[in-house]
Amino acid sequence: MTDITLTINGHAHAIRVEDRRTLADAIREDCGQTGTHLGCEHGICGACTVIVDGEPLRACLMFAVQADGKSIRTVEGLADGDELHPMQRAFMEHHGLQCGFCTPGFLMLAVGVLEKDPDISDDDLLDVLSSNLCRCTGYQNIIKAVRAAAKEMRGK
Amino acid sequence: MTAHTKGSGMTWVGRAIRRLEDPALVRGHGHFTADLPATRWVRFVRSPVASGYIHNIELPAEGLVITASGLKGLKPIRPMLHKFNYKPVSQPILATGVVRFVGEPIAAVVATSKEAAEDLADEVKISISETTAVVDTATALNPAYPAVHSDVPGNVVVEGRVKTAEFDGVWGGAHKIVKLDARSRRQNATPIEARAGHAAYDAVTGRITLTCTTQMPHLTRTAIADILGMPESDLRVIAPDVGGGFGQKMSLASEYVVLVWLARKLKTSVAWAEDRRENLIAGFHSRDQAIALEGAFDENARLVALKADVVANVGAYSCFPTTCGVEPLMAMAELPGPYDVRQYQCRARGVLTNTCPMAPYRGVSRPVITFALERLMDKAAGAFGLAPDEIRRRNLIDKFPYTSATGLIYDEGSYKKTLEMALMAVDVPSFRARQKQAREHGRHLGIGFATFAERTGYGSPAFAARGMEITPGWENVIVSIDPSGGVEARIGSSPHGQGLRTTLAQIIADEIGIAPQAIKIVHGDTDRTPYGWGTFASRSLVISGGATLIAARKVRAKLIKIASHMLEAAPGDIVLEDGHAKVAGTDRVVAIAQMAREAYTQTHRFKGEIEPGLTETGSYDPPGTFSNACHVAIVEVDTETGRVAVEKFVVAEDAGRIINPMIADGQVHGGVAQGIGNALLEEIIYDEDGGILTASLADYLPPTAHEIPPIELHHMETPSVNSITRAKGLGEGGTIGAPAAVINAINDALSPFGVSIDEMPATPQRIRAALRASSFPSPARGGGLGRGPA
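So, in structure tokens, the structure goes:
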């Protein structure tokens with residue numbers, strides 16, 4: 039067991055974990071942030087995508103001990119109180135979600151990428167979005183939502 | 006947003022309002038089953054072999070492990086059909102003496118964490134003497150091979166036959182016979198949330214609450230209570246937010262039975278979260294079907310008779326509640342599809358094998374029968390020298406109501422109009438010009454059509470026709486306004502992504518004059534909702550929506566009665582809008598909240614003329630309705646690699662009255678994407694011993710954003726007389742039509758090579774194999790796709 043501190047959405051969580059515990063399990067079970075979902079636990083579906091030190095990555099492919107001391111952002115930290123993030127609003131406005139299970143992963147992927155590269159081209163954005171799986175929407179409205187939010191985020 | 010309601014001439018129904026489900030989900034505040042904490046976690050030890058006898062199970066020295074011998078007295082899962090020569094088979098809750106497919110649960114390991122349960126599971130040593138596995142239907146039907154269940158010799162578990170009276174005469178006199186052997190490989194619905202369950206014991210009442218990823222909470226309660234022999238009132242089933250189901254989560258999981266049994270035994274909370282490997286090998290499969298199809302045409306290319314032999318590989322057990330008859334029997338009943346064909350002969354068999362059980366998956370059988378029938382129409386078009394749209398135009402039904410050769414009654418639709426609408430949208434002549442030009446440069450474009458009927462929203466008579474011992478169909482809805490004015494509808498359906506909280510609220514809003522945003526739809530909790538069948542078969546908006554409308558109309562009638570008392574006006578002068586009852590043309594008004602308060606607390610004022618309270622029930626059990634659509638796919642096939650890129654996808658759809666166009670479009674988008682995945686990528690592959698080769702999402706491939714092109718939608722609305730909301734269902738149509746359209750397009754693209762791809766998915770391997778076997782000159786080289794390397 040190892041003592042580590044995960045800083046999630048600005049809050050420090052001092053936890054004790056087995057070395058084999060994934061970051062995803064630690065976020066969900068040790069820190070109680072269940073908005074990050076697990077879809078495959080082998081790095082394909084991207085439902086568990088979180089932002090670690092500015093990089094969107096799959097929390098099922100990282101051990102919690104590797105994230106010790108790092109700054110982690112999850113879906114719960116996207117909104118500023120009652121004020122939703124433009125990406126969250128865009129998903130609602132453009133019907134970018136149905137069952138909502140993959141949504142946190144897509145939100146964090148899209149936000150993470152656009153913060154790093156606000157002027158990303160439409161083609162490159164499609165490339166990035168194809169790293170996560172959604173089984174409900176056929177991606178049409180996810181793409182629409184992310185493009186709309188990208189525009190708004192650039193405008194700020 | 007202003008509350009435009011009946012009185013103002015505006016309605017909520019028909020408007021693309023934002024979903025009421027979304028605010029919690031985009032914040033990560035959804036409640037999914039695996040989010041619940043538990044004191045005990047379960048890991049299932051599953052069979053590594055497809056067929057064999059369990060010799061011995063060696064348990065670890067410490068820790069709790071349950072095997073079949075610990076579950077004595079539990080009934081097996083044994084669904085029943087009373088027709089079609091169905092032979093019931095029993096699925097033990099944990100394998101008992103025999104294993105019948107890779108992934109079958111043998112033991113349940115219980116520990117204080119998931120990790121500890123997995124460690125303990127590794128220490129369970131099971132010795133199995135392997136026996137010959139029958140994996141495909143050809144082997145299973147061969148008398149030299151063993152029976153999967155000794156009480157079903159020959160492995161045919163269900164067999165339906167139908168033949169119309171004048172079939173032989175018409176067949177014999179036909180001008181041309183066109184033949185096809187169509188095949189769909191096995192697929193998995195693959196919801197992004199795999200299955201999960203959590204059973205908790207309540208020390209005060211002794212009751213168990215099972216929270217699980219089910220599409221049918223009430224029937225899950227009934228089934229588990231039956232199996233365990235416990236009073237149903239001692240079990241509460243909750244379907245919280247469910248991360249997609251697509252049919253896979255409507256069949257009873259034996260794992261849930263174990264969880265409830267354990268929670269009762271241990272008097273604590275017990276949880277299981279299926280991992281992706283378990284889901285892919287043991288979470289129910291579908292679509293594994295072969296259809297030998299023949300069509301008899303007259304000299305005008307009119308389909309006069311259809312002959313089919315359907316063989317479905319149903320796996321090792323029969324799923325509850327539909328039974329494994331669901332795939333072959335739906336094929337038999339609905340194969341004639343959207344075409345006016347009067348003579349029909351079909352034999353449809355379900356064959357047991359040592360593979361994961363098959364169960365419903367979005368479209369159930371119809372993606373496969375539509376694929377077969379639409380391939381047949383294209384082949385017939387070729388044989389007659391007609392364009393694909395022309396042969397369809399000559400055969401589509403256009404007089405309503407239409408009674409099919411199997412006795413199904415089609416309400417009014419727009420089969421020909423949606424075909425024309427789709428043709429307009431794609432502009433076939435200019436595509437043909439582009440195709441010709443591309444071929445000159447070694448690039449192979451193709452266009453493919455699929456026209457189909459989507460049977461939706463059918464009630465109990467339709468299910469009874471299948472002879473189901475459990476006959477679903479109706480729905481109940483209770484609409485109430487509480488003394489504070491809060492409006493709530495409690496429904497038996499169990500949505501999991503379909504946006505039903507929004508669409509039902511829109512239906513109620515129009516009746517009672519309260520904005521949908523103020524109306525709460527309660528679902529997925531057997532303690533809070535009336536008994537109902539859940540969400541599957543494109544039924545919830547039609548049936549639960551109909552029951553909602555009936556209940557809301559009763560509430561409306563009562564509100565008008567109360568208002569007429571309170572405002573001293575004739576009922577005919579009362580208007581309900583913007584949360585108030587108003588006397589038309591006056592300033593006399595009372596808030597609905599105030600009326601609700603008085604309906605409970607001032608009943609003496611109504612002189613016994615109005616019953617206390619404001620709660621009304623609606624019940625609806627409709628005959629069923631048919632949506633229809635035409636799908637068109639434009640693809641490019643790289644003949645060097647066999648890779649297919651779908652360039653464009655057009656849908657012209659008629660699902661009757663649309664309650665919320667945004668949600669309707671979303672359903673079609675998602676359905677088409679699954680259909681494209683089914684057409685090109687998705688395949689569960691077994692080796693010859695019944696070992697499964699596609700146990701990860703790196704092997705089983707749902708489409709990503711890259712594989713799905715822009716989907717262009719066009720709508721018509723032919724209101725249904727068989728649905729009181731006039732809405733038809735549309736949850737499955739996208740998936741039903743897309744595989745046929747895509748693979749017809751591939752065949753069109755490959756028409757210079759004389760090949761016919763009649764198998765789905767049309768993977769690069771299958772396309773290349775067909776091209777290699779072709780006697781036509783090998784494809785021109787240098788035909789890249791222009792989208793980078795495959």
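These protein sequence lines map, in sequence, to chains A and B.
What the first sequence shows, in the working numbering, is residues 39 to 194, in sequence order.
What the second sequence shows, in the working numbering, is residues 6 to 795, in sequence order.
We put the CB at the ideal spot given by N, CA and C, even for glycine.
What you are looking at is a predicted structure, and each value in this text was computed from that prediction instead of being measured.
Give the residues of chain A in contact with residue i, contact being defined as C-beta atoms less than 7 Å apart.
i       : result
M667(B) : H133
P365(B) : By Cβ distance, chain A contributes nothing, its closest Cβ being about 16 Å from P365(B), past 7 Å.
Does DSSP classify residue i as helix, strand or coil?
i       : result
M765(B) : strand
M382(B) : helix
Y605(B) : helix
T43(A)  : strand
P362(B) : coil
F457(B) : strand
T411(B) : coil
K154(A) : helix
A754(B) : helix
H223(B) : helix
N633(B) : strand
H132(A) : coil
Comparing the C-beta of residue i with each C-beta of chain B, is any distance below 8 Å?
i       : result
A62(A)  : no
Q136(A) : yes
C78(A)  : yes
M39(A)  : no
M130(A) : yes
G150(A) : no
G176(A) : yes
H49(A)  : no
F101(A) : no
P156(A) : no
A97(A)  : no
In the DSSP output, which residue or residues are listed as bridge partners for residue i?
i       : result
L581(B) : A586(B)
P110(B) : R51(B)
M473(B) : L86(B)
T87(A)  : R96(A)
W46(B)  : A116(B) and A276(B)
N318(B) : V356(B)
V468(B) : According to the sequence displayed, residue 468(B) carries Phe and not Val. Bridge partners of F468(B): none, in fact.
I486(B) : V492(B)
Y58(B)  : V103(B) and S134(B)
S189(B) : Q294(B) and M765(B)
What residues from chain A crowd round residue i, counting only those whose CB sits closer than 9 Å?
i       : result
S701(B) : C78, H80 and I82
Whose Cβ in chain B lies nearer than 9 Å to the Cβ of residue i?
i       : result
E114(A) : R32, G33 and H34
E121(A) : The contacting residues do not exist; E121(A) stays about 11 Å from chain B at best.
Please list, in chain order, the chain A residues whose beta carbon lies closer than 8 Å to that of residue i.
i       : result
H711(B) : L164, D165 and S168
P707(B) : L171 and R173
E120(B) : E56, R58 and R59
G736(B) : None at all; the shortest Cβ gap to chain A is about 11 Å.
Below 8 Å on C-beta distance, what does residue i contact in chain B?
i       : result
Q126(A) : V31 and R32
L145(A) : V31
P142(A) : G33
A117(A) : R32
Would you say residue i lies against chain A (beta-carbon separation less than 8 Å)?
i       : result
G249(B) : yes
R561(B) : no
T195(B) : yes
E198(B) : yes
R105(B) : no
V18(B)  : no
I748(B) : no
Please list, in chain order, the chain D residues whose beta carbon lies closer than 8 Å to that of residue i.
i      : result
F37(B) : Looking for chain D here will not work: the only protein chains present are A and B.
Should residue i be counted as a contact of the ligand NAD given a C-beta to heavy atom distance under 7 Å?
i       : result
E688(B) : In the structure on display, the ligand NAD does not appear, and there are no ligands present to speak of.
At a CB-CB cut-off below 7 Å, which residues of chain B make contact with residue i?
i      : result
A85(A) : I197
Near-chain A residues of the segment 161–192 of chain B - C-beta to any C-beta below 9 Å: none
The segment 674–686 of chain B: positions lying closer than 8 Å to chain A by Cβ: H674, G675, G676, V677, A678 and Q679
Members of the segment 234–246 of chain B that neighbour chain A once the beta carbon cut-off is set at 8 Å: D246
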